[in-house]
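Engineer: If you count by our numbering, then the sequence shown holds residues 22 to 228, one letter each, in order. Glycine included, each C-beta is placed from N, C-alpha and C at the ideal position.
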Amino acid sequence: MDLTIWLVAWVVVWVLGAYLLGSISSAIVVCRLMGLGDPREDGSGNPGATNVKRLYGNRPAALTLAGDLLKGFVPVSLAVWAGLSGELIAAVALAAFFGHLYPVFFQFRGGKGVATFLGAMFGLHVLLGAGVTLVWLFVAKVLKVSSVSALAAAALAPFIVYAGLNWLGRGDQAWVLTAMTVVMAVVLFWRHRSNIQRLLSGEEGRI
């Protein structure tokens, strides 16, 4: 019984810690510290690096992007380093991701999750993160539409994760972490539904 309680507590600490870290909205914190407005109240209303860049420029956007990446990278990389099971690594990654989307500290009004998703990919392994990033950069270079780049990267990420983990000798974790990536990708498409509507109507902005 004591061992069971300890195991449950161990899982709760990892998952809750990841969620609380994800709940720290980098965009809102950066803008407040720099004396800027609330990005949820201007522009697209999304507290993410793209909206911050449109509203306030490159420096706060870069800081926001770095913060959102770290929210995914730090808990996932620590979980991998600690040798946790694939299931618990997946739970940690999802907790950080959903913390960003629905932050408990900011009335559950979060961003769309692209940077935190990408940070989680780097947390799994730097090569996986690099692969997903290259997809984003390539599509951004060719089409110059941020939302399309994000969606393309999300769509291909499960294939990159599955193939990459098997190639890296972590095939025992490949299925569960690929399933985790699929969940994140589906949620990213859902969070970008307004962007998809604008794309279909030809109204989506370009980079």
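How many whole angstroms separate the CB atoms of leucine 209 and glycine 140, which I take to be in contact at a CB cut-off of 8 Å?
Structural biologist: The residue labelled residue 209 in the question sits at position 188 within the sequence shown. The residue labelled residue 140 in the question sits at position 119 within the sequence shown. With a Cβ gap of about 13 Å, leucine 209 and glycine 140 do not count as contacting.
Engineer: Just checking, does the stretch 46-62 make contact with the stretch 84-92 on the three C-beta pairs under 8 Å criterion?
Structural biologist: With a cut-off of 8 Å, the stretch 84-92 and the stretch 46-62 count as touching, because enough Cβ pairs lie within range.
Engineer: My output table needs one value for lysine 92: the three-state DSSP class, helix, strand or coil.
Structural biologist: Reading the sequence shown from its first residue, position 71 is the one you call residue 92. Lysine 92 falls in the helix class under three-state DSSP.
Engineer: Are the stretch 95-109 and the stretch 171-185 touching, with three or more C-beta to C-beta distances below 8 Å?
Structural biologist: The stretch 95-109, when compared against the stretch 171-185, does not touch it at the 8 Å Cβ threshold.
Engineer: Between which residues of its own chain and alanine 195 is the CB-CB distance below 6 Å, once the five residues before and five after are set aside?
Structural biologist: Mapped onto the sequence shown, residue 195 falls at position 174. Contacts found: Tyr183, Leu186, Asn187.
Engineer: Out of curiosity, what's the CA-to-CA distance linking leucine 158 and glycine 78?
Structural biologist: Mapped onto the sequence shown, residue 158 falls at position 137. Mapped onto the sequence shown, residue 78 falls at position 57. So the alpha carbons of these two residues sit roughly 20 Å apart.
Engineer: Does the stretch 115-122 come close enough to the stretch 37-46 to have 3 or more Cβ pairs within less than 8 Å?
Structural biologist: The stretch 115-122 is in contact with the stretch 37-46.
Engineer: Mapping the DSSP letters down to three states, classify isoleucine 45 as helix, strand or coil.
Structural biologist: On the sequence shown, residue 45 is found 24 positions in, with the first residue counted as 1. If DSSP states are grouped into helix, strand and coil, isoleucine 45 belongs with coil.
Engineer: Quick one: using the 10 Å Cβ neighbour count with 16 as the cut-off for buried, is serine 106 buried or exposed?
Structural biologist: Within the sequence shown, the letter at position 85 stands for residue 106. When all chains shown are included, serine 106 counts as exposed.
Engineer: Just curious, the alpha helix (DSSP H) that glutamate 108 is in, first and last residue?
Structural biologist: For the purposes of this step, residue 108 is taken as the residue at position 87 of the sequence shown. Looking at the DSSP string, the run of the alpha helix (DSSP H) that includes glutamate 108 is 107-122.
Engineer: With DSSP as the reference, label arginine 191 as helix, strand or coil.
Structural biologist: Translated into positions along the sequence shown, residue 191 becomes position 170. If DSSP states are grouped into helix, strand and coil, arginine 191 belongs with coil.
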